[in-house]
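Student: Below is one structure. I have some questions about it.
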Amino acid sequence: MAKESIFGRISTLVRANINSLLDQAEDPQKMIDQLVRDYTNNIADAESAIAETIGNLRLLERDHEEDVRAAREWGNKALAASRKADELRTAGNTTDADKFDSLAKIALQRQIGEEREAQAAEPQIAAQTEIVEKLKSGLNGMKEKLGQLKTKRSELLARAKVAEAQTKVQDAIGSINVLDPTSELGRFEDKIRRQEALAQGKAEIAASSLDAQFESLEDLGELTEVEARLAELKSGGTSRAAIEAE
-12 MAKESIFGRI STLVRANINS LLDQAEDPQK MIDQLVRDYT NNIADAESAI
38 AETIGNLRLL ERDHEEDVRA AREWGNKALA ASRKADELRT AGNTTDADKF
88 DSLAKIALQR QIGEEREAQA AEPQIAAQTE IVEKLKSGLN GMKEKLGQLK
138 TKRSELLARA KVAEAQTKVQ DAIGSINVLD PTSELGRFED KIRRQEALAQ
188 GKAEIAASSL DAQFESLEDL GELTEVEARL AELKSGGTSR AAIEAE
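Numbering of the sequence shown is given in the working numbering, commencing with residue -12 and proceeding in unit increments.
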């Protein structure tokens, strides 16, 4: 996967306005879940790209260090050969002096070659270093956004639970509203009132039956007394009614 593509995706995600995306979403919860997945996947891709880029950068740096070290060593060899040539020439040994000067020139040519390779690698090292820093910065930005998303998701879940609890409370309150005849308590009260009315009706019926029974007893007592007095008259006695009349 091209680093340019990864860097473009990182830049897009880091610049994304999460709150605006959520405001436009029909289902913010689903949008957050999708964004969390996107950020998580892209963070994994970015970490892989950064690791590869850093690996390439370290290889370039090691090659550069090797070129610099080699250039330094060839420079030391050229210096040593040049000094030896000077000593031999001072001693009158021109032939050997020329040989060491030739060796010094060869060493200098090698030094120049290593220095050019080191110089050629420096722009690549600078470019790779810049890419690594940008990727690292973008990665940190994505991780911050991912943290914000997870916090937002937790906030939305908490708000959803609170809203659900409030709905249940309101439903419970509505079910026990004594002023609402359709509420549970209202229906229960109506049922009790009907039972009380039924009991009262039965009590009145029972009371009416009892009064009738007492009235029957009174009538029975009066008839019994009449029969007794009639029997007394027939037996030739003085009736209580006559005695009371006197």
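We treat Cβ as the ideally placed atom computed from N, Cα and C, and that holds for glycine.
In whole angstroms, what is the alpha-carbon distance linking E212 and L220?
Tutor: For this step, residue 212 is matched to residue 225 along the sequence shown. For this step, residue 220 is matched to residue 233 along the sequence shown. Spanning the two alpha carbons is a distance of roughly 13 Å.
Student: Express the C-alpha separation of K121 and D73 in angstroms, rounding to a whole number.
Tutor: In the sequence shown, counting from the first residue as 1, residue 73 sits at position 86. In the sequence shown, counting from the first residue as 1, residue 121 sits at position 134. Near 54 Å, if we compare the C-alpha coordinates of K121 and D73.
Student: So what's D50 in DSSP terms, helix, strand or just coil?
Tutor: On the sequence shown, position 63 is the one that residue 50 refers to. Looking at D50 - three-state DSSP - the assignment turns out to be helix.
Student: Under the three-state reduction of DSSP, which class applies to L185: helix, strand or coil?
Tutor: On the sequence shown, residue 185 is found 198 positions in, with the first residue counted as 1. Looking at L185 - three-state DSSP - the assignment turns out to be helix.
Student: Give a yes or no on whether the C-beta atoms belonging to W61 and R97 are separated by under 7 Å.
Tutor: Sequence index remark: in the sequence shown, residue 61 carries index 74 (1-based). Sequence index remark: in the sequence shown, residue 97 carries index 110 (1-based). Yes, the pair counts as a contact, with Cβ atoms nearer than the cut-off.
Student: With DSSP collapsed to three states, give me the class of E34.
Tutor: Within the sequence shown, residue 34 is the residue found at index 47, counting from 1. E34: helix per DSSP, three-state reduction.
Student: Suppose the cutoff is 8 Å on Cβ atoms and the five residues either side in sequence are ignored; what does the same chain contact list for L44 look like?
Tutor: Counting from 1 along the sequence shown, the entry for residue 44 is found at position 57. Within the same chain, L44 has close Cβ partners I112, Q115, T116, V119.
Student: What would DSSP say about S195, mapped onto helix, strand or coil?
Tutor: Along the sequence shown, one-based indexing puts residue 195 at 208. Reduced to three states, the DSSP call for S195 is helix.
Student: Using only CA atoms, which one of A108, D14, G125, T81 lies nearest to A33?
Tutor: As a working mapping, residue 33 is identified with position 46 in the sequence shown. It is G125.
Student: I'd like the list of long-range same chain contacts for L95, defined as Cβ closer than 8 Å, with 5 residues on each side in sequence excluded.
Tutor: As a first step, residue 95 is located in the sequence shown; it is residue number 108 there, counting from the start. Here the set comprises W61, G62, A65.
Student: Does the distance from the CB of A105 to the CB of V55 come in under 7 Å?
Tutor: Within the sequence shown, numbered from 1, the residue matching residue 105 stands at position 118. Within the sequence shown, numbered from 1, the residue matching residue 55 stands at position 68. Going by C-beta atoms, A105 is nearer than 7 Å to V55.
Student: Could you compute how far the alpha carbon of K189 sits from the alpha carbon of I179?
Tutor: What you label residue 189 is simply residue 202 of the sequence shown in a count that begins at 1. What you label residue 179 is simply residue 192 of the sequence shown in a count that begins at 1. Each residue's alpha carbon lies about 15 Å from the other.
Student: In this structure, how does DSSP classify D14 when only helix, strand and coil are distinguished?
Tutor: The sequence position of residue 14 within the sequence shown is 27, counting from 1. D14 falls in the coil class under three-state DSSP.
Student: Have a look at E92 and K123 and give me their C-alpha separation to the nearest angstrom.
Tutor: Position 105 of the sequence shown, counted from the first residue, corresponds to residue 92. Position 136 of the sequence shown, counted from the first residue, corresponds to residue 123. Going by the sequence as given, residue 92 is Lys instead of Glu. Rounded to whole angstroms, K92 to K123 spans 46 Å at the Cα level.
Student: Can you list, in chain order, the residues of its chain with a C-beta nearer than 7 Å to that of E191? Leave out the 5 residues immediately preceding and following it.
Tutor: The residue labelled residue 191 in the question sits at position 204 within the sequence shown. Cβ neighbours of E191 beyond the five flanking positions: none.
Student: Pick helix, strand or coil for N80, following the three-state DSSP scheme.
Tutor: Start at 1 with the first residue of the sequence shown, and residue 80 comes out as number 93. Correct three-state label for N80: coil.
Student: Using a Cβ-Cβ cut-off of 7 Å, state whether R140 counts as contacting chain C.
Tutor: The structure shown contains no chain C; it holds only a single protein chain.
Student: Out of curiosity, what's the CA-to-CA distance linking K71 and A78?
Tutor: Sequence index remark: in the sequence shown, residue 71 carries index 84 (1-based). Sequence index remark: in the sequence shown, residue 78 carries index 91 (1-based). Roughly 11 Å between the two C-alpha positions.
Student: I need the straight-line Cα distance from L166 to G128, nearest angstrom please.
Tutor: Here residue 166 corresponds to residue number 179 of the sequence shown, with the count starting at 1. Here residue 128 corresponds to residue number 141 of the sequence shown, with the count starting at 1. Residue confidence is low: L166 scores 49 on pLDDT, short of 50, so the model does not pin down where it sits. No coordinate-derived value is stated.
Student: Just to confirm, is the Cβ distance from E101 to A57 under 7 Å?
Tutor: As a working note, residue 101 is residue 114 in the sequence shown. As a working note, residue 57 is residue 70 in the sequence shown. A contact, by the Cβ cut-off of 7 Å.
Student: Give the secondary structure of G125 by DSSP, where H, G and I count as helix, E and B as strand, and everything else as coil.
Tutor: Taking the first residue of the sequence shown as 1, we reach residue 125 at position 138. It is helical.
Student: Are the beta-carbon atoms of I19 and L144 separated by less than 7 Å?
Tutor: In the sequence shown, the residue the question calls residue 19 occupies position 32. In the sequence shown, the residue the question calls residue 144 occupies position 157. No, these two residues do not count as a Cβ contact at 7 Å.
Student: Spatial neighbours of M(-12) within its chain, please: C-beta separation below 6 Å, excluding the five flanking residues on both sides.
Tutor: Counted from its first residue, the sequence shown places residue -12 at position 1. Confidence is the limiting factor: at M(-12) the pLDDT is only 46, short of 50, which leaves the residue's position unreliable and the question unanswerable from this model.
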